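Peer 1: Before we start, here is the structure in question, set down as structure tokens.
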Amino acid sequence: MGRPLSLRDSLPGLGRLARRFWPYVRRERALITVSMFALYAEIGMRLLEPWPLKWVLDRIAAVTRHRGPRLPVLDALDPATLLAVSALAVIVFAGLRALAAYYNTVGFALIGNRVLTAVRNELYGQLQRLSLSFHNRARSGDLLLRVTGDVGFLQDVAVTGLLPLLANALTLVGMAAVMLWLNAPLTLIALATGPLFWVSTARLSRRIRETARRQRQQEGAMAATAAESIGAVKVIHALSLEGTFAQAFTGQSRKNLATGVRATRLSAALERTVDLLIAIATAAVLWFGARSALRGAMTPGDLVVFLAYLKNAFRPVRDFVKYTGRLAKASAAGERVLDLLDRTPDVRDLPGAVPAPALRGAVRFDGVGFCYEPGQPALEAIDCEVEAGQHVALVGPSGSGKSTFVSFILRLYDPTAGRVLIDGRDIREYTLASLRAQASVVLQDSLLFAATIQDNIAYGAPGASREAIEAAARLANAHAFVEALPQGYDTIV
Numbered sequence: 035m036g037r038p039l040s041l042r043d044s045l046p047g048l049g050r051l052a053r054r055f056w057p058y059v060r061r062e063r064a065l066i067t068v069s070m071f072a073l074y075a076e077i078g079m080r081l082l083e084p085w086p087l088k089w090v091l092d093r094i095a096a097v098t099r100h101r102g103p104r105l106p107v108l109d110a111l112d113p114a115t116l117l118a119v120s121a122l123a124v125i126v127f128a129g130l131r132a133l134a135a136y137y138n139t140v141g142f143a144l145i146g147n148r149v150l151t152a153v154r155n156e157l158y159g160q161l162q163r164l165s166l167s168f169h170n171r172a173r174s175g176d177l178l179l180r181v182t183g184d185v186g187f188l189q190d191v192a193v194t195g196l197l198p199l200l201a202n203a204l205t206l207v208g209m210a211a212v213m214l215w216l217n218a219p220l221t222l223i224a225l226a227t228g229p230l231f232w233v234s235t236a237r238l239s240r241r242i243r244e245t246a247r248r249q250r251q252q253e254g255a256m257a258a259t260a261a262e263s264i265g266a267v268k269v270i271h272a273l274s275l276e277g278t279f280a281q282a283f284t285g286q287s288r289k290n291l292a293t294g295v296r297a298t299r300l301s302a303a304l305e306r307t308v309d310l311l312i313a314i315a316t317a318a319v320l321w322f323g324a325r326s327a328l329r330g331a332m333t334p335g336d337l338v339v340f341l342a343y344l345k346n347a348f349r350p351v352r353d354f355v356k357y358t359g360r361l362a363k364a365s366a367a368g369e370r371v372l373d374l375l376d377r378t379p380d381v382r383d384l385p386g387a388v389p390a391p392a393l394r395g396a397v398r399f400d401g402v403g404f405c406y407e408p409g410q411p412a413l414e415a416i417d418c419e420v421e422a423g424q425h426v427a428l429v430g431p432s433g434s435g436k437s438t439f440v441s442f443i444l445r446l447y448d449p450t451a452g453r454v455l456i457d458g459r460d461i462r463e464y465t466l467a468s469l470r471a472q473a474s475v476v477l478q479d480s481l482l483f484a485a486t487i488q489d490n491i492a493y494g495a496p497g498a499s500r501e502a503i504e505a506a507a508r509l510a511n512a513h514a515f516v517e518a519l520p521q522g523y524d525t526i527v
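For the sequence shown, the residue numbers in my numbering are 35 to 527.
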């Protein structure tokens, strides 16, 4: 039937996720301590909640002799007082449990949100650090989904799925201990159904995990297609390709829909299987428990408490099954996030790199070669020297490597052979930030960020004065039309 169902089976990347995110979790030690204290208080109140009903039932049944646990102080109370105490206890236990649940729910939700906000920030920073060779291969829509969708999904599942599952798992431990204290043989009967759970759900859980991973990959492909078509909308309109792209996106949507329906069916089948097994376990406990009560080995109240604990003990199993699809999907999302976080940029500061001094600008290319893909050279054995202050134009057909050649100076790419020197020193000996800070670049495509015109001009020189910004605009013949705008340089574009 396959391997037993476990948290590791449904979340194969659980260990990797936990190790990678632990430094962020550790920062929230104080909040974790408070939340765990509130969680233990909630569990304690859950354990006490069924007992007032036991007290009343045992008094109604006029139980005087039995071999189960007893509270002598309650035996001394008259029926009316016992009823009042029991009713008050129900309210007190429920109120304290609700208060504790509020604090641990808010606390754990805050922890999850803080941790995954930090993860999203690191992921965004990592995307900025990854070199152009990576971004040339990656699809922008898929990357966008990882930053927003995948991290957001992890955040949602952590708050609404994993944290309640943790609370219920700890409740299960507490209730199992009390059940053993109440009636060890009956507890063993309940636990005897455990192997049925593992065997019956293993294959379904594995299929759900595989389907969820496939669905997440399809969603990434859909996001990439949407982003690419929106970015190229001018070309699509000019060539009347609207129908072609719409058809491609519709095909991806249909595949994703079919995968989603399959995941839903598998999850529903797993839930119904577990419900049936829980019913079998409850029936077995009821049968043997009632016979035990008839023999006087336990009171009717003991049986009611035991059945209440059994119901709550099965809650983690139900929740785990209920969230299996979402947990598996979150695991797939986490793997996609870690795939980016754990990548090493092709172009990075080398060990021992130092800040670049003020550079004169004499550039020499010494036997430079470059391959976008192994075995497919784009440039080979280029030797070239440009003196400081000299003007050089690179001329050649599209795709001949002109932009790539110039990109070596800023280390947007590193050559796969040879080296680039400025003022006689290999530029890889300098830190990236200090090297690029001394270069001015005019790109082939003019990009505007969602900011003011002043901010867009100053991106290349943070802290530039207003006078310097206006001087740059005049050099670009832009000052006149910028000033004509209602808000001038403060206009948001």
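Note that the Cβ used here is the ideal one computed from N, Cα and C, for glycine as well.
Treat the numbers as computed from the prediction; the structure is a model and nothing was measured.
1) Can you name the residues that DSSP bridges to A451?
2) Rounding to the nearest angstrom, what Cα-Cα distance links A484 and G522 in this structure?
3) When we look at the beta-carbon of S365 and count the other beta-carbons within 10 Å, is it buried (16 or more) or exposed?
4) In whole angstroms, give me the CA-to-CA distance for P84 and L361.
5) Drop a sphere of 10 angstroms on the beta-carbon of Y357, count the other beta-carbons inside from all chains shown, and report buried for 16 or more, exposed for fewer.
6) Suppose the cutoff is 8 Å on Cβ atoms and the five residues either side in sequence are ignored; what does the same chain contact list for L130 look like?
7) Does DSSP put Q521 in a helix, a strand or coil?
8) Please state the DSSP three-state secondary structure of I526.
9) Go through the region 299-383 residue by residue and report every complete run of the alpha helix (DSSP H) that reaches 4 residues or more, in order.
10) Since L230 and T221 are thought to touch, with beta carbons under 8 Å apart, how far apart are those beta carbons, to the nearest angstrom?
11) Pull up the distance between the alpha-carbon of L108 and that of A347, whole angstroms please.
12) Whose CA, out of D309, R462, A121, D448, lies closest to the CA of S167?
13) Measuring straight from C-alpha to C-alpha, what distance separates L87 and I125?
14) Thinking C-alpha only, which one of D176, G159, G323 is nearest G254?
15) Measure the Cβ-Cβ separation of G368 and L188 and say whether it is below 8 Å.
16) Quick check: the region 461-470 against the region 369-384, are there 3 or more CB pairs under 8 Å?
17) Taking 7 Å as the cut-off, is the beta-carbon of R306 closer than that to any non-hydrogen atom of the ligand MG?
18) Return the chain-ordered list of same chain residues with a C-beta closer than 8 Å to the C-beta of T378, the five sequence neighbours on each side being excluded.
19) Tell me whether the region 61-72 and the region 301-311 touch, counting them as touching only if at least three CB pairs, one residue from each stretch, are closer than 8 Å.
20) Name the DSSP beta bridge partners of D460, please?
21) Using the three-state DSSP reduction, which class does T227 fall into: helix, strand or coil?
22) For the beta strand (DSSP E) containing P411, list its first residue and its last residue.
23) For A412 versus G386, is the C-beta distance shorter than 8 Å?
24) Go through its chain and collect everything with a Cβ distance to R163's Cβ below 6 Å, but skip five positions before and after it.
25) Based on Cα-Cα distance, which residue from A492, A258, D353, G458 lies nearest to H169?
26) With a Cβ-Cβ cutoff of 8 Å, do L304 and V355 count as a contact?
27) Within 10 Å of its beta-carbon, does R101 have 16 or more other beta-carbons around it, so buried, or fewer, so exposed?
28) Taking the C-alpha atoms as reference points, what is the distance between S287 and A280?
29) With distance defined between alpha-carbon atoms, name the residue in L157, L204, R171 nearest to L179.
30) Assuming F322 and I223 form a contact by the criterion Cβ under 8 Å, report the distance between their Cβ atoms to the nearest whole angstrom.
31) Quick one: any contact between the region 494-501 and the region 414-428, if contact means 3 or more CB pairs under 8 Å?
32) Can you give me the start and stop residues for the alpha helix (DSSP H) that N147 sits inside?
33) R398 bridges to which residues according to DSSP?
34) Within 10 angstroms of its Cβ, does Q249 collect 16 or more other Cβ (buried), or is it exposed?
35) Closest by CA to A226, which one among A317, L238, N290?
36) Report the three-state DSSP secondary structure of T465 (helix, strand or coil).
Peer 2: A quick look at the data gives this:
1) Residue numbering aside, residue 451 sits at position 417 when the sequence shown is read from its first letter. The partner list for A451 (beta bridge, DSSP) reads G403.
2) Numbered from its first residue, the sequence shown carries residue 484 at position 450. Numbered from its first residue, the sequence shown carries residue 522 at position 488. Their Cα atoms are separated by approximately 16 Å.
3) If you number the sequence shown from 1, residue 365 lands on position 331. Buried, because 16 or more other Cβ atoms sit within 10 Å of the Cβ of S365.
4) In the sequence shown, the residue the question calls residue 84 occupies position 50. In the sequence shown, the residue the question calls residue 361 occupies position 327. P84 and L361: Cα-Cα distance of roughly 31 Å.
5) Position 323 of the sequence shown holds residue 357. Answer is buried; the Cβ neighbour count reaches 16.
6) Along the sequence shown, one-based indexing puts residue 130 at 96. Cβ neighbours of L130 beyond the five flanking positions: A75, M79.
7) Here residue 521 refers to the residue found at position 487 when the sequence shown is read from its first residue. Under the three-state reduction of DSSP output, Q521 falls in the coil class, being neither helix nor strand.
8) As a working mapping, residue 526 is identified with position 492 in the sequence shown. Three-state DSSP puts I526 in a strand.
9) 334-347, 349-356, 358-375
10) By 1-based counting over the sequence shown, the position of residue 230 is 196. By 1-based counting over the sequence shown, the position of residue 221 is 187. About 16 Å; that fails the 8 Å criterion.
11) Taking the sequence shown and counting its residues from 1, the one referred to as residue 108 is at position 74. Taking the sequence shown and counting its residues from 1, the one referred to as residue 347 is at position 313. If I take the Cα positions, the gap works out to 27 Å.
12) The residue you call residue 167 lines up with position 133 of the sequence shown. Selected option, being the one with the closest Cα: D448.
13) Here residue 87 refers to the residue found at position 53 when the sequence shown is read from its first residue. Here residue 125 refers to the residue found at position 91 when the sequence shown is read from its first residue. Going by the C-alpha atoms only, they are around 12 Å apart.
14) Against the sequence shown, residue 254 aligns to sequence position 220. It is D176.
15) Looking up residue 368 in the sequence shown gives position 334. Looking up residue 188 in the sequence shown gives position 154. Judged by their CB atoms, G368 and L188 are nearer to each other than the 8 Å cut-off.
16) yes
17) You won't find the ligand MG in this model; it holds no ligand whatsoever.
18) Numbered from its first residue, the sequence shown carries residue 378 at position 344. If we look at T378 and ignore the five residues flanking it on each side, it has no Cβ neighbours.
19) Under the Cβ criterion (8 Å, minimum of three pairs), the region 61-72 does not count as touching the region 301-311.
20) Against the sequence shown, residue 460 aligns to sequence position 426. L455, per the DSSP bridge assignment.
21) Within the sequence shown, the letter at position 193 stands for residue 227. In this structure, T227 counts as coil in the three-state DSSP scheme.
22) The count along the sequence shown starts at 1 and reaches residue 411 at position 377. First-last of the beta strand (DSSP E) with P411: 410-420.
23) Looking up residue 412 in the sequence shown gives position 378. Looking up residue 386 in the sequence shown gives position 352. Contact flag unset, no.
24) As a working mapping, residue 163 is identified with position 129 in the sequence shown. P379, listed in sequence order.
25) Counting from 1 along the sequence shown, the entry for residue 169 is found at position 135. It is A258.
26) Residue 304 sits at position 270 when you count from the first residue of the sequence shown. Residue 355 sits at position 321 when you count from the first residue of the sequence shown. Contact: yes.
27) Here residue 101 is taken as the residue at index 67 of the sequence shown, counted from 1. With a pLDDT of 49 at R101, under the threshold of 50, the predicted position of this residue should be treated as unreliable, though the coordinate-derived value follows. The Cβ neighbour count for R101, taken over all protein chains shown within 10 Å, is under 16; the residue is labelled exposed.
28) By 1-based counting over the sequence shown, the position of residue 287 is 253. By 1-based counting over the sequence shown, the position of residue 280 is 246. The straight-line gap from Cα to Cα measures roughly 10 Å.
29) Within the sequence shown, the letter at position 145 stands for residue 179. Closest option to L179, Cα to Cα, is L157.
30) Numbered from its first residue, the sequence shown carries residue 322 at position 288. Numbered from its first residue, the sequence shown carries residue 223 at position 189. Taking C-beta atoms under 8 Å as the contact rule, F322 and I223 qualify, at a distance of about 6 Å.
31) no
32) For this step, residue 147 is matched to residue 113 along the sequence shown. Looking at the DSSP string, the run of the alpha helix (DSSP H) that includes N147 is 113-163.
33) In the sequence shown, counting from the first residue as 1, residue 398 sits at position 364. According to DSSP, R398 bridges with E419, L455.
34) The residue given as residue 249 occupies position 215 in the sequence shown. With 16 or more other Cβ atoms within 10 Å, it is buried.
35) If you number the sequence shown from 1, residue 226 lands on position 192. The candidate whose alpha carbon is nearest that of A226 is A317.
36) For the purposes of this step, residue 465 is taken as the residue at position 431 of the sequence shown. Correct three-state label for T465: coil.
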